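Reading through the structure tokens given below for one structure.
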Amino acid sequence: PLRSREEGHQHSMWQALRTNDLQMVSTDHCPFCMKGQKDLGLGDFRKIPNGIGTVEHRMDLMYQGVVTGEISLERWVELTSTTPARMFGLYGKKGVIAPGADADIVVYDPKGHTTISAETHHMNMDHSAWEGFEVDGKVDTVLSRGKVIVEGDQYLGAKGDGRFVKRGLSQYLI
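Quick note on numbering: the sequence shown equals residues 273 to 446 in this note's numbering.
In structure tokens, the structure reads:
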């Protein structure tokens, strides 16, 4: 329902994000291919695996709220970085650019433009729920612990580069 402005769900979501009735936007990122997975439910919808992959597009889709004036640039950073880090007990290492933090940084090009497509995304799935959706702004560079792992449209990381980060208690429970 969020893909269509006409249904009114987008307006309600942006309003709730502005007023802090919604404090965070996330994705469960459950990518399944149509062929061999989603098509299992053609004759029986109960066999369709639940979920879609959207983690790659979350920053871009949320940035559209900045482009259209629905949220401020500061609110976008809060929604996509600071609040999730606080919620999951990671703030200090994640969600902030500061001495002692992990230096996981997204460099975002506000003048960039892209069309979301299964042909160009980096997720392991053969379709996109946002196929053909035009977005203004684009992730330019991604650093993980200070090391460039995405440059333009190219993934430069290596298998095993990631590491487990132990969570603390949510700052909202303290």
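For every residue, glycine included, the Cβ atom is placed at its ideal position computed from N, Cα and C. Bear in mind the structure is a predicted one, so any value in this text is a computation, not a measurement.
Discussion item. Among the candidates Tyr444, Lys410 and Val420, whose CA atom is the shortest distance from the CA of valine 338?
Written reply: As a first step, residue 338 must be located in the sequence shown, where it is residue number 66. Among Tyr444, Lys410 and Val420, the Cα nearest to that of valine 338 belongs to Lys410.
Worksheet entry | Buried/exposed call for tyrosine 427, threshold 16 Cβ in 10 Å | Locating residue 427 in the sequence shown gives position 155, counting from the first residue. Tyrosine 427 should be labelled exposed.
Practice prompt. Could you check what DSSP says for proline 273 in three-state terms: helix, strand or coil?
Written response: Against the sequence shown, residue 273 aligns to sequence position 1. Confidence is the limiting factor: at proline 273 the pLDDT is only 47, short of 50, which leaves the residue's position unreliable and the question unanswerable from this model.
Worksheet item: Distance, Cα to Cα, glutamine 235 vs threonine 299?
Response: The shown model of the chain, from 273 to 446, leaves out residue 235, and the question about it has no answer.
Practice prompt. State the start and end residues of the unbroken alpha helix (DSSP H) segment that holds glycine 461.
Written response: Outside the shown range of the chain, which is 273 to 446, sits residue 461, and nothing can be said about it.
Worksheet item: Quick one: is isoleucine 446 buried, meaning 16 or more other Cβ sit within 10 Å of its Cβ, or exposed?
Response: The residue you call residue 446 lines up with position 174 of the sequence shown. Its Cβ having fewer than 16 others within 10 Å, isoleucine 446 is exposed.
Practice prompt. Select from Glu403, Asp374 and His394 the residue whose C-alpha is nearest the C-alpha of threonine 387.
Written response: Walking along the sequence shown from the start, residue 387 turns up at place 115. Of the candidates Glu403, Asp374 and His394, the one whose C-alpha sits nearest the C-alpha of threonine 387 is Glu403.
Fill in: Whole-angstrom distance between isoleucine 369 and leucine 449, CA atom to CA atom
Outside the modelled stretch of the chain, which goes from 273 to 446, sits residue 449, for which no answer is possible.
Worksheet item: Are glycine 429 and aspartate 412 closer than 8 Å when you measure CB to CB?
Response: Against the sequence shown, residue 429 aligns to sequence position 157. Against the sequence shown, residue 412 aligns to sequence position 140. No, Cβ-Cβ distance for glycine 429 and aspartate 412 is not below 8 Å.
Fill in: Residues that tyrosine 427 bridges to, as DSSP identifies them
Stepping through the sequence shown from its first residue, residue 427 is reached at position 155. Tyrosine 427 is bridged to Val422.
Discussion item. Just verifying my parser: in three-state terms, what is the DSSP assignment at serine 455?
Written reply: Past the boundaries of the shown model lies residue 455; the chain is included only from 273 to 446, so the question cannot be answered.
Practice prompt. In the DSSP assignment, find the unbroken beta strand (DSSP E) run with histidine 385 in it and report its ends.
Written response: Taking the sequence shown and counting its residues from 1, one reaches residue 385 at position 113. Segment 377-387, the beta strand (DSSP E) holding histidine 385.
Worksheet item: Once you ignore the five residues that flank arginine 330 on each side, which residues in its own chain have a CB closer than 6 Å to its CB?
Response: By one-based count along the sequence shown, residue 330 stands at place 58. Result list for arginine 330: Thr299, in chain order.
Item to complete: Drop a sphere of 10 angstroms on the beta-carbon of glutamate 350, count the other beta-carbons inside from all chains shown, and report buried for 16 or more, exposed for fewer.
Response: For this step, residue 350 is matched to residue 78 along the sequence shown. Glutamate 350 is buried by the Cβ-count criterion.
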